[in-house]
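A.B. asks:
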Amino acid sequence: NAGVTQTPKFRVLKTGQSMTLLCAQDMNHEYMYWYRQDPGMGLRLIHYSVGEGTTAKGEVPDGYNVSRLKKQNFLLGLESAAPSQTSVYFCASSYALRGRQPQHFGDGTRLSIL
Amino acid sequence: AQTVTQSQPEMSVQEAETVTLSCTYDTSENNYYLFWYKQPPSRQMILVIRQEAYKQQNATENRFSVNFQKAAKSFSLKISDSQLGDTAMYFCASSGSARQLTFGSGTQLTVLP
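Respectively, the protein sequence lines represent chains A and B. Heads up, the first sequence is in our numbering, so the first residue is 1 and it goes up one at a time. Heads up, the second sequence is in our numbering, so the first residue is 1001 and it goes up one at a time.
#1: So if DSSP puts A/Gly53 in a beta bridge, which residue, or which two residues, is it bridged to?
#2: Three or more C-beta pairs under 8 Å: does that hold for the segment 1005–1017 of chain B against the segment 19–29 of chain A?
#3: With a threshold of 7 Å between beta carbons, is A/Phe105 in contact with chain B?
#4: Let me know if B/Leu1077 comes out buried or exposed under the rule of 16 or more other beta-carbons within 10 Å of its beta-carbon.
#5: By the 10 Å Cβ neighbour count, where 16 or more other Cβ atoms means buried, how is B/Met1045 classified, buried or exposed?
#6: Let me see if you follow: with CB-CB separation under 7 Å, is A/Gly3 close to chain B or not?
#7: Thinking B/Arg1050 and A/Pro8 are a contact (beta carbons under 8 Å), I'd like their distance in whole angstroms, please.
#8: When the cut-off is 7 Å and only beta carbons count, does B/Gly1085 lie next to chain A?
#9: What number of angstroms, rounded off, separates the C-alpha of B/Ser1022 from the C-alpha of A/Gly51?
#10: What are the complete beta strand (DSSP E) segments, minimum 3 residues, inside the segment 1021–1078 of chain B?
#11: Using 7 Å as the threshold, is the C-beta distance between B/Phe1103 and B/Ala1088 below it?
#12: Note down, in chain order, every chain B residue with its Cβ under 8 Å from the Cβ of A/Tyr95.
#13: Below 8 Å on the Cβ atoms is my contact criterion, and I expect A/Gly42 with B/Phe1091 to pass it. Report the Cβ-Cβ distance as a whole number of Å.
#14: Can you tell me the Cβ-Cβ gap for A/Leu75 and A/Val66, rounded? I've got them flagged as a contact below 8 Å.
#15: Would you mind telling me which residues of chain A sit closer than 7 Å to B/Met1045, beta carbon to beta carbon, in chain order?
#16: Could you tell me which of A/Ala81, A/Leu78, A/Glu79 and A/Lys71 sits nearest to A/Asn28, measuring between CA atoms?
#17: Less than 7 Å between C-beta atoms, sequence neighbours within five positions excluded: which residues of the same chain meet that for B/Val1111?
#18: What residues in the segment 37–65 of chain A bring their beta carbon closer than 8 Å to a beta carbon of chain B?
#19: Select from A/Gly40, A/Tyr35 and A/Val4 the residue whose C-alpha is nearest the C-alpha of A/Pro61.
#20: Pull up the distance between the alpha-carbon of A/Gly106 and that of A/Pro39, whole angstroms please.
#21: So, is B/Ala1053 buried or exposed, given that buried needs 16 or more other C-beta atoms within 10 angstroms?
#22: How many Å lie between B/Ile1079 and B/Tyr1037 at the Cα?
#23: Which one or two residues does DSSP pair with A/Ser87 in a beta bridge?
#24: Excluding the 5 residues flanking A/Gly108 on each side, which residues of the same chain have their C-beta closer than 7 Å to its C-beta?
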C-alpha cells in the first residue's frame, strides 16, 4: 500500500498563478485533511473533509479551496497564489475524526511563491 | 478552541541517555486524545505515541513513554536509551470534538554521539 501520496513534491509559482495539489489515499479512509507548516510553527489545518462530496474550513482557510469528488482524493487549490502561501503542505487521512485512529500523513509538498 | 504549547524549541541528549520533552495543552473538551509526532529531516510525520484522555494509565511504546497529568494539562514525552535515529522535530498535538489536530510549535531534538 502506498498510504497517502501527495503530488507534486515541489513547485515554484509566480504571484497570481493558480495550481492544484493532489492528495490520494488507498486506505479507504473517510476523513482527509490539508495542513500547512511554516517555519517555527506546527501544522495548521486549512480544510478538511468528512466524506466524499463534503468539505469544511479549518483554522487558516483563506486563499484556498478544496474538493472531494472521490473518496480517495482530496484536492487543494490556490486560485491566485500569494507569497504568504509559501509553505510546506501536508495531506493526512484517518478513519475517525475524534482521534481514535491516528492521522496518516503524506510526505509533504514544498511550495514557493515568488 | 484547543491550544498546545511546547516551551522547549531545542534540546539535545547524549546517545543512550534519557530525555523528556514537555508539552502543555488547554481544552474545554472532556473526551480528547493527545499525540506525539516525530518529523525527521525527511519531513515525514510519524506517529510516536498516543494517549486517550479518559485513560489514566500512561501510554508506552518501546523506548517511548508519556507522563500524562490530566489535572495539570501536561503531556510530556520520555525517550529512553536515545538513539541517533531519534534526532528529529517532535510535535505534541491534541484532537477533540473540534475535528482537527492542533499542534504545538515543536521541539528540535538532537541526539549526540
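Built from N, CA and C at the ideal position, the CB exists for glycine as well.
C.D. replies: This is what the structure gives:
#1: Position 53 of the first sequence, counted from the first residue, corresponds to residue 53 of chain A. When DSSP reads this structure, A/Gly53 sits in no beta bridge, so it has no partner.
#2: Judged by Cβ distances under 8 Å, the segment 1005–1017 of chain B makes no contact with the segment 19–29 of chain A, as fewer than three pairs qualify.
#3: Stepping through the first sequence from its first residue, residue 105 of chain A is reached at position 105. Closer than 7 Å: yes.
#4: Counting from 1 along the second sequence, the entry for residue 1077 of chain B is found at position 77. By the neighbour-count rule (16 or more Cβ atoms within 10 Å), B/Leu1077 is buried.
#5: As a first step, residue 1045 of chain B is located in the second sequence; it is residue number 45 there, counting from the start. Buried: at least 16 other Cβ atoms inside 10 Å.
#6: For the purposes of this step, residue 3 of chain A is identified with residue 3 of the first sequence, where counting begins at 1. No, no contact with chain B.
#7: For the purposes of this step, residue 1050 of chain B is taken as the residue at position 50 of the second sequence. For the purposes of this step, residue 8 of chain A is taken as the residue at position 8 of the first sequence. Contact flag wrong, Cβ pair sits at about 31 Å.
#8: The count along the second sequence starts at 1 and reaches residue 1085 of chain B at position 85. Chain A, which has no Cβ nearer than 7 Å to the Cβ of B/Gly1085, makes this no.
#9: As a position in the second sequence, residue 1022 of chain B is number 22, starting the count at 1. As a position in the first sequence, residue 51 of chain A is number 51, starting the count at 1. Taking the Cα positions, B/Ser1022 is about 35 Å away from A/Gly51.
#10: Entirely contained in the segment 1021–1078 of chain B, the beta strand (DSSP E) runs reaching 3 residues are, in chain order, 1024–1026, 1033–1039, 1046–1052 and 1064–1069.
#11: Counting from 1 along the second sequence, the entry for residue 1103 of chain B is found at position 103. Counting from 1 along the second sequence, the entry for residue 1088 of chain B is found at position 88. Not closer than 7 Å, so no.
#12: Stepping through the first sequence from its first residue, residue 95 of chain A is reached at position 95. Result: empty, since nearest Cβ-Cβ is about 13 Å, beyond 8 Å.
#13: By 1-based counting over the first sequence, the position of residue 42 of chain A is 42. By 1-based counting over the second sequence, the position of residue 1091 of chain B is 91. Their Cβ separation, rounded to whole angstroms, is 5 Å, which keeps A/Gly42 and B/Phe1091 in contact under 8 Å.
#14: Within the first sequence, the letter at position 75 stands for residue 75 of chain A. Within the first sequence, the letter at position 66 stands for residue 66 of chain A. Yes, A/Leu75 and A/Val66 are in contact; Cβ-Cβ is about 6 Å, under 8 Å.
#15: Along the second sequence, read from residue 1 onward, the residue named residue 1045 of chain B stands at position 45. Under the 7 Å cutoff, chain A gives Phe90 and Phe105.
#16: Your numbering for residue 28 of chain A matches position 28 in the first sequence. A/Lys71 is the residue among A/Ala81, A/Leu78, A/Glu79 and A/Lys71 whose C-alpha sits nearest the C-alpha of A/Asn28.
#17: On the second sequence, residue 1111 of chain B is found 111 positions in, with the first residue counted as 1. The answer, listed in chain order, is Val1013, Glu1015, Ser1082, Gln1083, Leu1084, Asp1086 and Thr1087.
#18: Result list: Gly40, Met41, Gly42, Leu43, Arg44, Leu45, Tyr48, Val50, Ala56, Gly58 and Glu59.
#19: Counting from one through the first sequence, the residue named residue 61 of chain A turns up at place 61. Minimum Cα distance to A/Pro61 is reached at A/Tyr35.
#20: The residue given as residue 106 of chain A occupies position 106 in the first sequence. The residue given as residue 39 of chain A occupies position 39 in the first sequence. Rounded to the nearest angstrom, the two C-alpha atoms are 18 Å apart.
#21: Your numbering for residue 1053 of chain B matches position 53 in the second sequence. Label assigned to B/Ala1053: buried.
#22: Counting from 1 along the second sequence, the entry for residue 1079 of chain B is found at position 79. Counting from 1 along the second sequence, the entry for residue 1037 of chain B is found at position 37. Cα-Cα distance, rounded: 13 Å.
#23: Taking the first sequence and counting its residues from 1, one reaches residue 87 of chain A at position 87. Answer by DSSP bridge pairing, in chain order: A/Leu111.
#24: As a first step, residue 108 of chain A must be located in the first sequence, where it is residue number 108. Gln6, Val88, Tyr89 and Phe90, listed in sequence order.
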